[in-house]
Structure formats: C-alpha cells, structure tokens
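S.K.: Sending over a structure as structure tokens; questions will come in a sec.
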Amino acid sequence: MVKILLLRSKELEELLSPESLIPEIENAFVRYSKNETVTPPRTVMWVEGNWWGVMQSYVPGYGVGVKTVSLIPQNPSRGLPTIQALVTLFDGLSGSPLAVMEGGVLTALRTGAASAVSAKYLAPRDVGPIGIIGTGYQARYQLRFVSSVYKTEDVVIYDVRPDQMRLFRAWAESAGFKVFEAASSEELVKKCKIVIEASTTKEPVILGKWLGKGQHVISIGAHARDYRALDDEAITKFGKIVVDSRKAVLEETGDVRIPLEKGLIKQEDIAELGEVAAGLRKGREGDELTLFKSVGLAIQDAAAAALAYRLARSRGLGIEVEL
Ligand SMILES: NC(=O)c1ccc[n+]([C@@H]2O[C@H](COP(=O)([O-])OP(=O)(O)OC[C@H]3O[C@@H](n4cnc5c(N)ncnc54)[C@H](O)[C@@H]3O)[C@@H](O)[C@H]2O)c1
Numbered sequence: 200m201v202k203i204l205l206l207r208s209k210e211l212e213e214l215l216s217p218e219s220l221i222p223e224i225e226n227a228f229v230r231y232s233k234n235e236t237v238t239p240p241r242t243v244m245w246v247e248g249n250w251w252g253v254m255q256s257y258v259p260g261y262g263v264g265v266k267t268v269s270l271i272p273q274n275p276s277r278g279l280p281t282i283q284a285l286v287t288l289f290d291g292l293s294g295s296p297l298a299v300m301e302g303g304v305l306t307a308l309r310t311g312a313a314s315a316v317s318a319k320y321l322a323p324r325d326v327g328p329i330g331i332i333g334t335g336y337q338a339r340y341q342l343r344f345v346s347s348v349y350k351t352e353d354v355v356i357y358d359v360r361p362d363q364m365r366l367f368r369a370w371a372e373s374a375g376f377k378v379f380e381a382a383s384s385e386e387l388v389k390k391c392k393i394v395i396e397a398s399t400t401k402e403p404v405i406l407g408k409w410l411g412k413g414q415h416v417i418s419i420g421a422h423a424r425d426y427r428a429l430d431d432e433a434i435t436k437f438g439k440i441v442v443d444s445r446k447a448v449l450e451e452t453g454d455v456r457i458p459l460e461k462g463l464i465k466q467e468d469i470a471e472l473g474e475v476a477a478g479l480r481k482g483r484e485g486d487e488l489t490l491f492k493s494v495g496l497a498i499q500d501a502a503a504a505a506l507a508y509r510l511a512r513s514r515g516l517g518i519e520v521e522l
C-alpha cells in the first residue's frame, strides 16, 4: 500500500528556512546548468485569459517534482492569492508518489531562495537599502530570503496599490525592518543598492535612466512573452545578465526575448545562475550593474519539495494518507 505525506503551508513555512533551503536551491541550479537534471520546458496554457503552467523535473538525489500552477491577477479582489499551486513529489527510482503539498507558499519560498543565491554572487559589496517594487505575496519572501544573504535593515517599497504597501510595511516593521514608502518606482530605484521587482506589471517599471553604479537588480515578474519589467536602456546597461534558464527566459519573458530580437543583447552575454554558482561564469566584478532575471524552474520545486519531505519525515510533521 502506497502512503503519501500531505504537507500544508504552515508546515512548509516551518521546514523551509533560508538557511536550509538556499543551499539546496543553489545545488539544484548547478545540476540544471550542468545538464544533470531532466527538465522539459513547462507547458503553459491560457485558461479564461489567465496563465497556467504544468512544470516537471527530475533532479537526481531529490526525486521527480510536478507542479500545477495558476496565476490570476484578479484573485486578490476575491480574497484569494494571485498564485495557487499543488506540488506532487515522486520517488525517481520506484515511481511511487511520496508527497502532495501546498504549492503557493512552496513557490514563494523557492523563488526567494533563487533570488538569495543571485545576491550571494552578484550583490554590491557596500551595504544599502533593498528596494521592492510590487509588495504583494512574493515580496515578503523575497525580502526575507535576500536579506538573509545581503544584510540590511533598510527597505524601500513601492506599489501601485497603497493598501498593499501599508500591509507590507506593517509586516516588515514587525519583522524588524525600517521601511520607507517611495512615491514612485523612479524614487525607489534611485535610492536602493538591491532593487527587487516582484510585481504583476506588463510594462517596464525599471528604466535604464534611473540606474546607477554597482546596483543589483532582481526581476521575478513579467512572466509572458510580451510582458516587460525593464526597458531597453536598462537591459543594455548591465555588466552581467544572469538568468535562471537561458532557454526558459528566451521563451517566456519579453524582458529577454524582445531585446535579443532587437539585437540589443547577445545570447552569449547571458549566464545562468547555475553556471555562476559552479564557477563556470563570473559573478560580480567591481561596481558594475548586475541583473538576475527569473521566470521560475521546475528544478526549484522538486528540490524544495524533496527537502520539505525529508525534514517532515524526520520531524514527524504532515498528515500521512494511505492511497
Ligand atoms: N520568477 C519566479 O520564479 C516567480 C515565482 C513566483 C511569482 N513570480 C512573479 O512574481 C510576480 C508577483 O507575484 P505575487 O504572487 O506577489 O502577486 P501579487 O498579486 O500578490 O503581488 C503583485 C503586486 O504587484 C503590484 N503591481 C502591479 N503593477 C505594478 C506596477 N506597475 N508598479 C508597482 N507595483 C505593481 C500589485 O499591486 C501587487 O501588489 C508575478 O509577476 C509572478 O509571475 C515569479
């Protein structure tokens, strides 16, 4: 009889701390860039005008992870999160299902961990504020994870929705951060050392003319072929452009696809995070501007799910269900 473990969001929050998750996500990126995983491109489908993804990956040592995820920007007005998902983990050798877990928080945790790995290799040497454009669900995890690597208590925020900024500010202050509300993304970009874009924008919110020396930009939004978070000038200013997957960003975000098609950047200028972490490509040099652009990879879900499963088994957490 096959028994699976059901893991809820509160258990995942408890199990997947920055300290435990960041090294696993870094390792998964290295294995991905060395072609040691089996990761077909995700299946993207548009359902009733909204983005859905089915994402699968086998990461040796972790297992097979499969995630079904929807992204519905109107959901907050329904009292529901923008991103909802379920992740299933299977044993890579026997094929047995091992666990089913809440995928919304898992996605936010593993995305925060990827941004933190980028900060490990690309963050500025001097300390200053972290800025966050788009203070919704992902923003809290981005701040928690990135600030575990780039230590600062100063945070600058901007969101088109003042109510979202207020909620985020209350949370961040209770977590010990000093928060400044910027009046525009321009003001935020000009004030910060690390600029995190975690919004649902379709149009650029980071313009090249606002960027200065030595900043690190992390952009996790603009998840469709025609969406952009960065304008043409910004993309041409970076000394290093690092992405989660060259193949995926070319296919799935206008931030890379459009400038490449316009000839503003070249494919060989784009490094993968796993290549940087493996020492195959360089991290930050001097006070250059750097970019980490991600669209999200199934390897992250598989690695995070496997870690959660392993820790939950050893601590007796989760609900066991006989199939
Ligand atoms: N790269 C990855 O691995 C990954 C993983 C998960 C989510 N994401 C992306 O992260 C983004 C945010 O997701 P979420 O779950 O936090 O959504 P959310 O709806 O909870 O938050 C998005 C926030 O962005 C704000 N916003 C929209 N347009 C803006 C603009 N022009 N300027 C400033 N703020 C603006 C909204 O008001 C909202 O508060 C989405 O684009 C999603 O696709 C990426």
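Heads up: the sequence shown at position 7 corresponds to 206 in my numbering, and the numbers run straight through without jumps. No residue lacks a Cβ here, since even glycine has one placed at the ideal position from N, Cα and C.
Rounded to the nearest angstrom, what separates V237 and E380 at their Cα positions?
M.R.: About 43 Å.
S.K.: Nearer than 8 Å: is that true of the beta carbon of R360 relative to any heavy atom of ligand 1?
M.R.: Yes - ligand 1 has a heavy atom lying nearer than 8 Å to the Cβ of R360.
S.K.: DSSP state of I417, grouped into three classes?
M.R.: Looking at I417 - three-state DSSP - the assignment turns out to be strand.
S.K.: So, at 6 Å on beta carbons, what are the nonlocal neighbours of G260 in its own chain, with the 5 sequence-adjacent residues on each side left out?
M.R.: Around G260: no qualifying Cβ.
S.K.: Under a Cβ-count criterion, where at least 16 other Cβ atoms within 10 Å of its own Cβ denotes burial, should Q466 be classed as buried or exposed?
M.R.: So Q466 counts as exposed.
S.K.: Given 8 Å as the limit, tell me if P240 has its C-beta closer than that to any heavy atom belonging to ligand 1.
M.R.: No, since every heavy atom of ligand 1 falls outside the 8 Å radius drawn around the Cβ of P240.
S.K.: What are the start and end residues of each continuous beta strand (DSSP E) run of 3 or more residues lying completely inside the segment 426 to 460, in chain order?
M.R.: 439 to 442, all fully within the segment 426 to 460.
S.K.: Determine the DSSP secondary structure at T306, reduced to helix, strand or coil.
M.R.: Helix, per DSSP.
S.K.: At which residue ranges does the segment 213 to 291 contain complete beta strand (DSSP E) runs of 3 or more residues, listed in the order of the chain?
M.R.: Counting only runs of 3 or more, we get 242 to 246, 249 to 258, 262 to 270, 282 to 289.
S.K.: State the start and end residues of the unbroken alpha helix (DSSP H) segment that holds P296.
M.R.: Element bounds for P296: not the alpha helix (DSSP H) but the beta strand (DSSP E), 296 to 301.
S.K.: Counting along the chain, where does the alpha helix (DSSP H) carrying V475 start and finish?
M.R.: Counting along the chain, the alpha helix (DSSP H) containing V475 begins and ends at 472 to 476.
S.K.: Would you say the beta carbon of I440 is closer than 8 Å to some non-hydrogen atom of ligand 1?
M.R.: No, since every heavy atom of ligand 1 falls outside the 8 Å radius drawn around the Cβ of I440.
S.K.: Considering only heavy atoms of ligand 1, does any lie closer than 8 Å to the CB of V404?
M.R.: Correct: V404 has its Cβ closer than 8 Å to ligand 1.
S.K.: Keeping to the same chain, check which residues put their C-beta closer than 8 Å to that of R424; ignore five residues upstream and five downstream.
M.R.: So the qualifying residues of the chain are E450, E451, T452, G453, R456.
S.K.: I'd like to check one pair, D500 with T306: are the Cβ atoms closer than 9 Å?
M.R.: Yes, Cβ-Cβ distance for T306 and D500 is below 9 Å.
S.K.: Quick one: is the Cβ of D425 within less than 8 Å of any heavy atom of ligand 1?
M.R.: Outside the cutoff, so no.
S.K.: Go ahead and pull the three-state DSSP assignment for L506.
M.R.: Three-state result, L506: helix.
S.K.: For the candidate residues N234, G302, P239, whose alpha-carbon lies nearest to that of K266?
M.R.: When only C-alpha atoms are compared, the closest one is G302.
S.K.: Spatial neighbours of K401 within its chain, please: C-beta separation below 6 Å, excluding the five flanking residues on both sides.
M.R.: Excluding sequence neighbours, K401 sits near Y426.
S.K.: Is any heavy atom in ligand 3 found nearer than 8 Å to the beta carbon of G302?
M.R.: For the structure depicted, ligand 3 is absent and the ligand set comprises only ligand 1.
S.K.: My guess is that K492 and V442 are in contact by the Cβ rule of under 8 Å, so how many angstroms apart are they, rounded?
M.R.: Contact flag correct, Cβ pair sits at about 5 Å.
S.K.: Among all the DSSP beta bridges, which residues are the ones paired with L490?
M.R.: Note: L490 sits in a beta bridge opposite V416, I440.
S.K.: CB of Y336 to nearest heavy atom of ligand 1: below 8 Å?
M.R.: Checking every heavy atom of ligand 1 against the Cβ of Y336, one is found closer than 8 Å.
S.K.: I'd like to know whether the C-beta atoms of V388 and I332 end up nearer to each other than 9 Å.
M.R.: Closer than 9 Å, so yes.
S.K.: Could you check where the beta strand (DSSP E) with L204 kicks off and where it finishes?
M.R.: Where L204 is concerned, the enclosing beta strand (DSSP E) stretches over 202 to 206.
S.K.: In the DSSP assignment, find the unbroken alpha helix (DSSP H) run with Y336 in it and report its ends.
M.R.: Looking at the DSSP string, the run of the alpha helix (DSSP H) that includes Y336 is 336 to 348.
S.K.: Of the residues K461, E432, A497, I405, which one's Cα is nearest the Cα of S444?
M.R.: It is A497.
S.K.: Might you give, ordered along the chain, the residues of its own chain that have their beta carbon closer than 7 Å to the beta carbon of L506, omitting 5 neighbours on each side?
M.R.: These residues qualify, in order along the chain: L215, S219, L220, E223.
S.K.: For the segment 410 to 424 against the segment 310 to 322, are there 3 or more C-beta pairs whose distance is under 8 Å?
M.R.: These segments touch.
S.K.: In the structure shown, what three-state DSSP assignment does E402 receive?
M.R.: In this structure, E402 counts as coil in the three-state DSSP scheme.
S.K.: Just to confirm my understanding: we take Y231, look at its own chain, exclude 5 residues before and 5 after, and list those with CB closer than 6 Å. What are they?
M.R.: So the qualifying residues of the chain are G473, I498.
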